[in-house]
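Single-structure report; data block below.
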Amino acid sequence: MRLSQLFFTSLRDDPGEAEMASHRLLLRAGYVRQLGSGIYSLLPLGFRVNKRVEQVIREEQDRIGGQEIEMPVVHPADIWRASGRYDAIGSELARFKDRNGRDMVLAMTHEEVVGLLLADVVKSWRQLPVMLYHFQTKWRDEPRARGGLIRVREFVMKDAYSCDRDQAGLDASYEAQKGAYIRIFERLGLETVVVGADVGIMGGSLAHEFMVLNAAGEDVLVLCETCGYAANRQIARIPRPDPEPEETLSREEVATPGTTTIASLAAFLGIPEAKTAKAAFFVTGDGRLVTAIVRGDHEVNETKLSNAVGASTGIRPATVEEIKAAGMEPGYGSPIGAKGTVAVADELVARSPNLVAGANREGFHFKNVNVGRDFTADVTAEITNAQEGDPCPTCGSPVILRNGIEVGNIFKLGTKFTDAAGATYLGEDGREHPIIMGSYGIGIGRNVACIVEAHHDDKGIVWPEEVAPYAAHLVAIGANKDPQVNEVAERLHEVARGAGYWRDILYDDRDESPGVKFTDAELLGMPWILTVSPRSLAAGGVEVTNRATGERSTRPIEDVEALIRGA
RNA sequence: CGGGGCGUGGCGCAGCUUGGUAGCGCGUAUCGUUCGGGACGAUAAGGUCGUGGGUUCAAAUCCCGCCGCCCCGACCA
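Written as structure tokens, this is what we have:
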């Protein structure tokens, strides 16, 4: 491909709004352009990288028996109503009407459609198991897009669906996908950590996420360097030791003016934060006010809290009015004397004697509050975030916390969607059984961004060979002065074009100065930079530079031709 | 949705406080000179100052509304 013809432009200056390296480089090097918040066009270079990432995924899905299909982006709303998600999911799901007034949605994922396909096609146990997958656009109207391509609203996802006769089949499919994912991310040049995860809107019984460690990652991972335990903080369960035993004292109201935060309260009373109880207020999707009580030195984990109260549609922070309506005072709140709220006590709070908690009166707290005696918890559960140094749930060693970006996930779904779709099969026993599903997602664009995050230097992108949009970047210098340079460069380009779609090279035939050409070559990031110039010809051929290592050598022209052909 | 910031040629920005001819660098076009690390000279093109309203003799500048984008918090590949 001639660079002079390529639909692209590189930017000399960093785009002002790109903060992450991947975003900045993909913009600067002319791989992508933004259309709106979280909406991007792929230019030819970006498109080719995406296709290569897809191809790696495709090969590994096929290797475990996956069959590629394609499902629609627009769905009738009824199928989402049938699964219950039409109402369970908020405005993240885009809804609209077609010309006849029928409710439609833009797909965020495709479990419903797979369920219907199974109901249509599968009759007998002999047709199972089956693994289906496709690459398809998802629209998720996220509250906020961020980090360039890391978190967007429209993106292409590889989503695969395993369809099995029974739990053992699902277990096998799940393991097969796990193995495929490990190979995929290895081939893409991504170092991942597999963590246990929350099942979220998918429902189901078990989920893992493949995470790339990155300081800008939005997930917090709880990792144990001793035993290898790894979980998303959303679900990491921490076995906290019993507090020092104390004699239970009688409750006592104390004036604590101006102590609306735990820090100020602890300082005012001269006690550690661990001796206080903190109340946080939330409202569930079905309108219940939830008061979460955790120890002052911990923070509420909303995923755990949401699961503890069975809030299938999630929770949001409560407003001051909602808190007051239940008889509680923000800043001095607790369930003591409150009405109309679901009190959820962290299991450690329930084990901790004589805490300081809010008195629901401005400027006052209670001392010596004991759960069970002073208020009754409607639910007792572990609802706090793990903290650095907490004991590992499996070996007890101190855990560490790291940020991560989710590049893929695997879910054991069960029968939620096949039940909704009526997807059953006749078993060997002659009876009808529900088909058991799993689902497995990988976001393509996010993976591309993560690859750039992991493979770049101060000059630009450094593509791993497996995903580079072109096999090499050919720089011709002095072509208009030395006919031989032009001739050799043209020939190499011809060879590359003849060698196959993915063996093509980028040929910088522009009338630019050497500095511009080298700078662009490094910015664009092809794994090999081939330089043809009077100097290289005098030295015996073509200069071959490894973009990653910087190693360079001059090779005879015939060798380079053979290299391009793939010999 | 809560909080903060920003919208001025393709990119990066200045001008706004104190209203009065719309500027700079880069890029782009043409010509010439250059040609192994973002070359040089000359000439030129290119802007509804996000948008609607208001104040004023006069608005990029002051006031109000709206839209868009970015960042920080609650959601997910």
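Everything in the first sequence is counted per the numbering used here, starting at 333 for the first residue and increasing by one.
Where is the CB? At the ideal position from N, CA and C, for every residue including glycine.
In this text the structure is predicted, and so the values were computed from the model without any measurement.
query                                                                                                                                                          : result
How about Glu-523 and Gly-370: are their beta carbons less than 8 Å apart?                                                                                     : no
If we call anything under 8 Å between Cβ atoms a contact, is Asp-551 one with Ala-539?                                                                         : no
Looking at the unbroken beta strand (DSSP E) that takes in Val-615, where does it start and where does it end?                                                 : 609-616
First and last residue of the beta strand (DSSP E) that includes His-805?                                                                                      : 805-808
Return the CA-CA distance between Ile-625 and Ala-609, expressed in angstroms with no decimal places.                                                          : 6 Å
What residue from Trp-834, Asp-841, Val-817 has the CA that sits closest to Glu-875's CA?                                                                      : Val-817
Quick check: the region 355-362 against the region 865-883, are at least 3 beta-carbon pairs closer than 8 Å?                                                  : no
How would you label Phe-707, buried or exposed, when you count the other beta carbons within 10 angstroms and need 16 or more for buried?                      : buried
Which complete beta strand (DSSP E) runs does the region 512-548 hold, if anything under 3 residues is left out?                                               : 524-528, 538-545
Measuring alpha carbon to alpha carbon, tell me which residue in Glu-351, Glu-349, Leu-338, Gln-387 is nearest Tyr-363.                                        : Leu-338
Grab the span of the alpha helix (DSSP H) containing Thr-877 for me, first residue to last.                                                                    : Unbroken run through Thr-877 is the beta strand (DSSP E), 874-878; no alpha helix (DSSP H).
Of all the options Ala-568, Lys-656, Thr-645, which has the alpha carbon lying nearest to the alpha carbon of Ile-732?                                         : Ala-568
Please list the terminal residues of the continuous alpha helix (DSSP H) segment that includes Tyr-418.                                                        : 417-420
Are the region 634-653 and the region 742-749 touching by the rule of at least three beta carbon pairs closer than 8 Å?                                        : no
According to the Cβ coordinates, are Gln-566 and Asn-633 closer than 8 Å?                                                                                      : yes
Which residues in the same chain have their Cβ closer than 8 Å to the Cβ of Asn-686, if we skip the five residues on either side of it in sequence?            : Glu-578, Thr-580, Leu-581, Lys-607, Lys-699, Asn-700, Val-701, Asn-702
For Arg-395 and Arg-380, what's the separation of their Cα atoms in angstroms?                                                                                 : 22 Å
Does the Cβ-Cβ distance between Val-676 and Ile-715 come in under 8 Å?                                                                                         : yes
Rounded to whole angstroms, what's the CA-CA distance from Ile-603 to Gly-690? Just pull it up for me.                                                         : 15 Å
Kindly indicate which three-state DSSP category Val-385 falls into: helix, strand or coil?                                                                     : helix
With H, G and I counted as helix, E and B as strand and the rest as coil, what does DSSP make of Phe-340?                                                      : coil
Alpha carbon to alpha carbon, how far is Asp-574 from Arg-683? Give it in angstroms, no decimals.                                                              : 7 Å
Given the structure, does Glu-402 come close to the ligand NAP, in the sense that its CB is under 7 Å from one of the ligand's heavy atoms?                    : What this structure holds is no ligand at all, so the ligand NAP is not there to describe.
Report, in whole angstroms, the separation of the C-beta atoms of Gln-399 and Leu-464, which I expect to be a contact under 8 Å.                               : 6 Å
Please determine, among Val-688, Val-554, Val-488, the residue with the shortest C-alpha to C-alpha distance to Pro-723.                                       : Val-554
Tell me which residue opens and which closes the alpha helix (DSSP H) that Gly-646 is part of.                                                                 : Counting along the chain, Gly-646 falls outside any alpha helix (DSSP H), and DSSP gives it neither H nor E.
Can you tell me the Cα-Cα spacing of Ala-350 and Asp-496, whole angstroms?                                                                                     : 44 Å
Using a Cβ-Cβ cut-off of 6 Å (strictly less than) and excluding sequence neighbours within five positions of Arg-427, which residues of its own chain qualify? : Val-437
Among residues of its own chain, excluding the 5 on either side of Gly-704, which ones have a beta-carbon nearer than 8 Å to its beta-carbon?                  : Ala-682
Is Pro-723 helix, strand or coil by DSSP?                                                                                                                      : strand
Do the CB positions of His-787 and Val-780 come within less than 8 Å of each other?                                                                            : no
Leaving out five residues before and five after Asn-735 in sequence, what residues of the same chain have Cβ atoms less than 8 Å from its Cβ?                  : Leu-545, Asn-546, Ala-547, Ala-548, Gly-549, Glu-550, Asp-551, Val-552, Leu-553
Roughly how many angstroms separate the alpha carbons of Gly-447 and Glu-797, rounded to a whole number?                                                       : 38 Å
With distances taken between CB atoms, is the gap from Glu-392 to Ala-512 smaller than 8 Å?                                                                    : yes
Contact check, Gly-777 vs Leu-481 under 8 Å by CB: the rounded distance?                                                                                       : 5 Å
Between the C-alpha atoms of Ala-894 and Glu-486, what's the straight-line distance to the nearest angstrom?                                                   : 41 Å
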